[in-house]
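The next block holds one structure in the form of structure tokens; read it before the comments.
There are 2 protein chains.
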Amino acid sequence: MGSASEVNWLDAEQQSSWRAYIMGTELLQHQLDRELREEHQISFSEYEILVRLSEAEGGRMRMALLADAMSHSRSRVTHTIARMEDARLVRRHAAESDRRGVEAVMTDAGRRKLIDAAPTHVRGVRAHLVDLASREDFAALGRIFNEVSDRLLRGMPEDADIR
Amino acid sequence: MGSASEVNWLDAEQQSSWRAYIMGTELLQHQLDRELREEHQISFSEYEILVRLSEAEGGRMRMALLADAMSHSRSRVTHTIARMEDARLVRRHAAESDRRGVEAVMTDAGRRKLIDAAPTHVRGVRAHLVDLASREDFAALGRIFNEVSDRLLRGMPEDADIR
DNA sequence: CGGCGGTAGTACAAGCTTCAACTAACCCCT
DNA sequence: AGGGGTTAGTTGAAGCTTGTACTACCGCCG
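Going down the list, the protein sequences come from chains G and B.
Residues in the first sequence are numbered consecutively from 11, following my numbering.
Residues in the second sequence are numbered consecutively from 11, following my numbering.
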């Protein structure tokens, strides 16, 4: 490239918002991750996996579904689940219907961990984000990132069709 | 830690916005990083460093200032700058006033890299975020994360650390 | 059937980030 | 002057993520 003679730069206001978002997100993610690690010895990704599993039938989910639900790579989920298995928070179980498949199953320890950690996490999310914003502003955040996700999810998997 | 018998959970709307934000941010960051890597062989962090340097007097900045400006750890900046030095995008230079200090100085190649990459990056930011939101919603995003940053920076600055 | 393309998950290596330890230099106070 | 406490930055190892390659399995079409 390098031929872009016409670039539609961000104006001052947009630039300011963009930078605030980058920095705020950086700080927020690290803060929430740190709180979970220090108080409950789990990472934010691990916490999220526990949440997904707790919401699934039987506390179990296929690896690929887990990966898609969090927009993490398959490889990443394999590693994370491996660590969680070492920590006895989940077990791996061969899928019934598809012999290639593997299900991650939440253990009792995993469920207890989630129950312990959830209040910490919610308090953090409120203290560092939700309660700092007006309801309208927070709703705007939701609108924006729903749009972002939609766009990126439907734009990227060009491997398949999308009728 | 069952210190919380009363937890102020998120309501359905807040939860939905929060999840959209987590997933959208995940997708967005990876997308922007990928675009820069594929088209210009630099990571998003490296790009950000180039931006900061380009805005500084003489294209040079102290390591600590760079770290603070991006809310990255000192160690992370050391490693990132080391990689960029290998790639000839910056040079290290001893600081005049403080013999402990080190300045990162942008090279000509670094400046060219930024000039090449900037249009790609801005296009990405617009396509995947800015242009998907209304001006008001995007302003709300700015307000929220300015508040988040302020709170996290002033809430737990230097000490008051762990012990 | 038999093969061929597609999907599920893992393995391994390379890359990036974090954490704690460490050196060097600064500041200030007596 | 000299020492305690602080700050700047680096180092190296450990941990997490990514990318690619690889095995195993599915499903369908002929």
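Idealized CB from N, CA, C, for every residue including glycine.
Query, Result
"Within 8 Å of any Cβ in chain G, is that where the Cβ of B/LEU162 sits?", "yes"
"Which class does G/ALA143 belong to by DSSP, given the choice of helix, strand or coil?", "coil"
"Drop a sphere of 10 angstroms on the beta-carbon of B/HIS82, count the other beta-carbons inside from all chains shown, and report buried for 16 or more, exposed for fewer.", "buried"
"Would you mind reading off the limits of the beta strand (DSSP E) that contains G/VAL17?", "Per DSSP, G/VAL17 belongs to no beta strand (DSSP E) and is neither H nor E."
"Between the segment 155 to 166 of chain G and the segment 133 to 152 of chain B, can you find at least three pairs of beta-carbon atoms closer than 8 Å?", "yes"
"What is the rounded straight-line gap between the Cα of G/GLU95 and the Cα of G/SER107?", "22 Å"
"Below 7 Å between beta carbons is the criterion; list the residues of the segment 52 to 70 of chain B that meet it against any residue of chain G, in chain order.", "none"
"Going by CA-CA distance only, name the one from B/PHE148, B/VAL112, B/GLU23 that's closest to B/ALA84.", "It is worth fixing the name first, because residue 84 of chain B is Arg in this sequence and not Ala. If we check each option's Cα against that of B/ARG84, B/VAL112 comes out closest."
"Rounded C-beta distance between G/SER26 and B/GLY69? I'm assuming under 8 Å.", "Not a contact, Cβ separation roughly 22 Å."
"Would you please verify whether the beta carbon of G/GLY34 is less than 8 Å from any beta carbon of chain B?", "yes"
"Of all Cβ atoms in chain G, is any one closer than 8 Å to the Cβ of B/ALA143?", "yes"
"Pairing CB atoms from the segment 110 to 128 of chain B with CB atoms from the segment 50 to 65 of chain G, are three or more of them under 8 Å?", "no"
"In the DSSP assignment, what residue or residues form a beta bridge with G/GLU113?", "G/ARG72, G/HIS103"
"Name the residue from B/GLU58, B/ARG93, B/ALA92 whose alpha carbon lies nearest to the alpha carbon of B/ASP78.", "B/GLU58"
"Does B/HIS138 come out as helix, strand or coil in the three-state DSSP assignment?", "helix"
"What is the C-beta distance between B/ALA30 and G/PHE155, in whole angstroms, given that I count them as a contact (C-beta under 8 Å)?", "4 Å"
"Taking all protein chains shown into account, do 16 or more other C-beta atoms lie within 10 angstroms of the C-beta of B/GLU45, making it buried, or fewer, making it exposed?", "buried"
"Can the beta-carbon of G/ALA143 be found less than 8 Å from the beta-carbon of B/GLU146?", "no"
"Using DSSP with H/G/I as helix, E/B as strand and the rest coil, what is B/ARG98?", "coil"
"Which of the three DSSP states, helix, strand or coil, is assigned to B/ARG161?", "helix"
"Return helix, strand or coil for G/ALA92, following the three-state DSSP convention.", "helix"
"Less than 8 Å between C-beta atoms, sequence neighbours within five positions excluded: which residues of the same chain meet that for B/LEU99?", "ILE52, GLU56, LEU60, MET116, THR117, ALA119, GLY120, LYS123"
"B/SER192 touches chain G at which residues, Cβ-Cβ below 7 Å?", "There is simply no residue 192 of chain B to check, as chain B begins at 11 and stops at 173 in what is shown."
"With a cut-off of 8 Å, does the C-beta of B/LEU75 fall near any C-beta of chain G?", "no"
"Just to confirm before moving on: does the CB-CB distance between G/ALA97 and G/HIS50 stay below 8 Å?", "no"
"Given a cut-off of 8 Å, decide if B/LEU20 and B/TRP28 are closer than it, judged by their beta-carbon atoms.", "yes"
"Are there 16 or more other CB atoms within 10 angstroms of the CB of G/VAL17, so buried, or fewer, so exposed?", "exposed"
"Taking 8 Å as the threshold (beta carbon to beta carbon), is G/SER107 in contact with chain B?", "no"
"I believe B/THR88 touches B/MET71 by the beta-carbon criterion, under 8 Å. Please report the beta-carbon distance rounded to the nearest angstrom.", "B/THR88 to B/MET71, Cβ: 13 Å. No contact."
"Which two residues bound the contiguous alpha helix (DSSP H) that contains G/SER53?", "Unbroken run through G/SER53: none, as it is neither H nor E."
"Could one say the Cβ of B/VAL132 lies closer than 8 Å to chain G's Cβ atoms, at least one of them?", "yes"
"How close, in whole Å, do the beta carbons of G/GLN24 and B/PHE54 come, if the pair is a contact with beta carbons under 8 Å?", "With a Cβ gap of about 18 Å, G/GLN24 and B/PHE54 do not count as contacting."
"With DSSP collapsed to three states, give me the class of B/HIS40.", "helix"
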